[in-house]
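For the record, the sequence lines run as chains A and B.
Here the working numbering is used: the first residue of the first sequence is 1, the next is one more, and so on.
Here the working numbering is used: the first residue of the second sequence is 1001, the next is one more, and so on.
Below: one structure, written as structure tokens.
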Amino acid sequence: MRRALEVSAPLYLDANATEPLRPEARRALTEALDLVGNPSSVHAVGRAARCVLEGAREQVAAVLGVASAAVVFTSGATEANAVALAGAARQGRRVLASAIEHDSVLAATAPIDVVPATAQGMVDLPALRAALESDPTPALVAVMAANNETGVVQPIGEVAALCRRFGALLHVDAAQIPGRLPLSEILSAGVDSLALSAHKAGGSKGAGALVLASGWWPGPLVRGGGQERGLRGGTEPLPAIAGFAAGLLAAEAWRANGGAERLAALVGEIAAELRERVPQAVVVAADAPRLPNTLALALPAVPAATQVMLLDLAGVCVSAGSACSSGKVTESRVLRAMGLGPLSASTIRISLPWNAPEDAAGRFVAAYAAMASRLAARAVEAAAA
Amino acid sequence: MHGPIAPSRPIYLDHHATTPCDPRVVAAMLPWFTERFGNPHSAEHALGREAETAVEQAREEVAALIGAEAREIVFTSGATEANNLAIKGVARFARAQAGPRRRIVTVATEHKCVLESVRDLAAEGFEPVILPVRPDGLLDPDVLASAVDDSTLLVSVMAANNEIGVVPDLSALVAIAKRFGVLVHSDAAQAAGKIVLDVAALGVDLLSLSAHKMYGPKGVGALYVRRRPRVRLSPVFSGGGQERGLRSGTLPAPLIVGFGEAARIARAEMAEEAARLASLRDTLWKRLSAAIPGLRQNGHPSARLPGNLNLTFPVARAADLMARCPGLCLSTGSACSSAEIEPSYVLRAIGLSEAEAGRTLRIGLGRSTSPADIDLAAAALIAAHEACVAAA
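Shown next as structure tokens:
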């Protein structure tokens, strides 16, 4: 007799790398896939596509509380960050960025003056102030709304106040915010440009936006065709954009209706359980305000790659930092910037998706505790040998 | 009663602007939007690895369409970005290496994004040269030969034109550029999947592709970057270092899977489909030219895409014809600029007057075009032209 192989779906706890598609986004996306036209064509089919594109722009603008003309669609947050920072640099602005920014910010232009981070993973405000004071050149400051690895929420209100005081533009990478914190509050702090990614907002990969809230207008990186008011050439990816708008709208409604609180409760449950069962585990930036879904967790002396691999074998999808480059696990640049020392090579990121199951905390803690005790037993054996 | 010229469903004859997603492409993509949503760069866990595997399979399919190796394919958001990356990337890398070559040669009928990328480089110390074309829309090889020398860095010539559909003898043009060791880029957004393209036979170094022009999804394209001898580029933007640092940003795995499926279908069905479209196109031309004396076809009569027809009408203005054919989706030129009222620079480059350009329609046949569509389109255009003549 053949025995049915029991394979349960993996427990996906890597939402900061990409969120599962929301059903609202799925509907909008599949409907847009049936549209034939190019939004720039003037005939009926093209106009229908244009109508969906502009409807999506209005939806995104409404969520953010900006005019729809402020929303420029891009291929994703990486391109949005690049357009803003490279544009500022071309306009002769000095570019400053916090040490914990995403690679797409830190690599967007050169030179960038890097502002250090505190041990709690926040941009160092006195250092930012000193950097702005030291040089009268008009500047653009890039500080992310919340860090993708630690989840630490940045003091955008204070950063914006400093920018205003020194006449600097403020760019905020808000890729991790939808469905987790109120986007419109971040924008109303006084942000000039803001980057969003569709696939982190419950939409699909392949779209994003640069929101130009104050009227500041960087130049284009990708030219040709004149789409997006000349700021970003190329036929707009209509299905991905339609899914983005619907996903963002759904994510914000879901957050406001208790979704974020539910994730925060699950994360709290994980932290509390681990204090009991794996007391050697350390929550990174434990005292800082963090995204409701994110937990950076260090297991001293165990390489992050080992932890991630063992959890993967146990059917739990987590990551060691950001998902971007090549899949190789190296020591996190963000954690090093926080002065975490050797722990920065032993830290994994747990980030709950919007549809995390009710038993997510229990399943994760069981897998993590089993991994920790197996590693501890192995260490004892090795010491005895 | 309405006549047969008012079909209930619009007849889409604008396949140069964009093509409908093939249902097989949609079916291939859907699971990668939904349950298999992993980030293809999350190689640390099962969901990420399956997305990565799917991306790499699609890369093989896209490479196979043009006779390239998978690792020579760099995914981008589309052909516009691929063209920007090719042209600015080659130039900026050369400048960073303090290379002596400064001239960048292209053609007046190229897509706007190529022309703008080349012109933009003037501000970075390069010498843009924009060559004219013959009245048949093709670049004269002697004109190219006189424009390239050993100070030339790059030649960019499209593999098929998006308005008049002409297909140059690319390998002959490449041979001229290669005499001086010049790199050659080709925008193949309109050619890929429609005519046979083999990067080895053509000898090009860089080639741009767009998924949505070949029945794949909008939002993805690719740049072929030759490995042997290796072509070096600087990225347009940086970040997570995806695509070997040439193109950062999370790869849109579902769109790439769709692109791969579109490439697979195109490769399997290209020969048959090209013959079918050419025959439909010729039927349409015969019907129209028999009924409308003085109707003229633009672009080389035989060196052209099978689905393309670009027609200058003797009397009626294109806008009036389109207004009288609401059931037909046609265009006057490139979609990017079709909202503009200015006459097409491509038509001006082949010697049409402003008035002639204003009487010109682009007709693009494609996979969904049936013989019945051609009958209806011919009847509608002939009736519209008669009505315009009567009103004039």
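Just so you know, even glycine gets a beta-carbon here, dropped at the ideal spot from N, CA and C.
Helix, strand or coil: how does DSSP classify residue i here?
| i | result |
| --- | --- |
| R336(A) | helix |
| P237(A) | coil |
| M1(A) | Any reading at M1(A) must be qualified, since the residue scores a pLDDT of 41, below 50, and its modelled position is unreliable; the value itself is stated next. Note: M1(A) maps to coil in three-state DSSP. |
| S326(A) | Any reading at S326(A) must be qualified, since the residue scores a pLDDT of 45, below 50, and its modelled position is unreliable; no value is offered. |
| S197(A) | strand |
| H1002(B) | Any reading at H1002(B) must be qualified, since the residue scores a pLDDT of 41, below 50, and its modelled position is unreliable; no value is offered. |
| L1361(B) | strand |
| T390(A) | The displayed coordinates of chain A run from 1 to 385. Any statement about residue 390(A) would go beyond what the structure contains. |
| G230(A) | helix |
| V1090(B) | helix |
| E6(A) | Residue confidence is low: E6(A) scores 48 on pLDDT, short of 50, so the model does not pin down where it sits. No coordinate-derived value is stated. |
| V95(A) | strand |
| A377(A) | helix |
| Q280(A) | coil |
| I270(A) | helix |
| A207(A) | coil |
| R22(A) | coil |
| Y1215(B) | coil |
| L221(A) | coil |
| R1296(B) | strand |
| F73(A) | strand |
Are the Cβ atoms of residue i and residue j separated by less than 8 Å?
| i | j | result |
| --- | --- | --- |
| M1158(B) | S1117(B) | no |
| V1167(B) | L1305(B) | yes |
| A1191(B) | A1160(B) | yes |
| L1138(B) | H1300(B) | yes |
| L1115(B) | L1233(B) | no |
| L162(A) | R129(A) | yes |
| L313(A) | I350(A) | no |
| Y1224(B) | L1246(B) | no |
| W1032(B) | A1046(B) | no |
| G202(A) | G247(A) | yes |
| I16(A) | Q176(A) | The residue you asked about is not Ile; residue 16(A) is Asn in the sequence shown. In this structure, Q176(A) lies closer than 8 Å to N16(A) by Cβ. |
| V159(A) | G121(A) | no |
| A245(A) | A56(A) | yes |
| V123(A) | Q154(A) | yes |
| V1090(B) | L1153(B) | yes |
| G321(A) | L29(A) | no |
Just the chain A side, please: which residues come within less than 7 Å of residue i by C-beta, in chain order?
| i | result |
| --- | --- |
| T1034(B) | L21 and R26 |
| S1117(B) | R223 and G224 |
| K1194(B) | Within 7 Å Cβ-Cβ: nothing; K1194(B) doesn't reach chain A, min ~17 Å. |
Determine the chain A residues that contact residue i at a beta-carbon separation under 8 Å, and present them in chain order.
| i | result |
| --- | --- |
| F1313(B) | Under the 8 Å cutoff, chain A gives no residues; its nearest Cβ is about 17 Å from F1313(B). |
| A1017(B) | G37, N38, S40, S41 and G46 |
| A1253(B) | K205 |
| P1020(B) | V36 |
Determine the extent of the alpha helix (DSSP H) in which residue i is found, giving its start and end residues.
| i | result |
| --- | --- |
| P1128(B) | Counting along the chain, P1128(B) falls outside any alpha helix (DSSP H), though it belongs to the beta strand (DSSP E) covering E1127 to L1131. |
| Y1345(B) | Y1345 to A1349 |
| I1164(B) | It is not in any alpha helix (DSSP H) - I1164(B) carries neither H nor E in the DSSP assignment. |
| F1033(B) | P1023 to F1033 |
| N81(A) | A77 to R90 |
| L132(A) | L125 to S134 |
| H171(A) | Not the alpha helix (DSSP H): H171(A) falls in the beta strand (DSSP E), residues L169 to D173. |
| I1382(B) | P1371 to A1391 |
| D1320(B) | A1318 to R1324 |
Span of the beta strand (DSSP E) holding residue i?
| i | result |
| --- | --- |
| V1199(B) | Here V1199(B) belongs to no beta strand (DSSP E); instead the alpha helix (DSSP H) covers V1199 to L1202. |
| F1180(B) | Per DSSP, F1180(B) belongs to no beta strand (DSSP E) and is neither H nor E. |
| R1103(B) | R1103 to V1107 |
| D1282(B) | Not the beta strand (DSSP E): D1282(B) falls in the alpha helix (DSSP H), residues A1253 to A1291. |
| G1221(B) | G1221 to V1225 |
| R349(A) | T347 to S351 |
| W1152(B) | A small fix is needed here, since residue 1152(B) is Thr in this sequence, not Trp. Residues T1152 to S1156. |
In chain A, what lies closer than 9 Å to residue i by C-beta?
| i | result |
| --- | --- |
| N1298(B) | The premise fails here: N1298(B) is roughly 20 Å from chain A at the closest Cβ pair, so nothing lies under 9 Å. |
| P1326(B) | H43 and A44 |
Give the residues of chain B in contact with residue i, contact being defined as C-beta atoms less than 7 Å apart.
| i | result |
| --- | --- |
| Y12(A) | L1047 |
| G233(A) | T1080 and C1113 |
Name the chain B residues that come within less than 9 Å of residue i, Cβ to Cβ?
| i | result |
| --- | --- |
| G76(A) | S1077, G1249, T1250 and P1252 |
| V308(A) | E1044 and H1045 |
What residues of chain B sit near residue i, judged by a beta carbon separation below 8 Å?
| i | result |
| --- | --- |
| D103(A) | S1238, G1239, G1240, G1241 and S1248 |
Any contact between the stretch 1341 to 1348 of chain B and the stretch 1249 to 1256 of chain B? By contact I mean 3 or more CB pairs, one from each, below 8 Å.
No, the stretch 1341 to 1348 of chain B does not touch the stretch 1249 to 1256 of chain B.
If we count Cβ pairs, one from each stretch, closer than 8 Å, do we get three or more for the stretch 235 to 243 of chain A versus the stretch 257 to 272 of chain A?
Short answer: they don't touch.
Measuring CB atoms only, is the stretch 1013 to 1024 of chain B touching the stretch 1365 to 1373 of chain B, in the sense that at least three cross pairs come out at less than 8 Å?
Using a Cβ-Cβ distance cut-off of 8 Å, the stretch 1013 to 1024 of chain B and the stretch 1365 to 1373 of chain B are in contact, since at least three pairs of beta carbons, one from each stretch, lie closer than that value.
Are the stretch 181 to 200 of chain A and the stretch 1210 to 1229 of chain B touching by the rule of at least three beta carbon pairs closer than 8 Å?
The stretch 181 to 200 of chain A, when compared against the stretch 1210 to 1229 of chain B, does not touch it at the 8 Å Cβ threshold.
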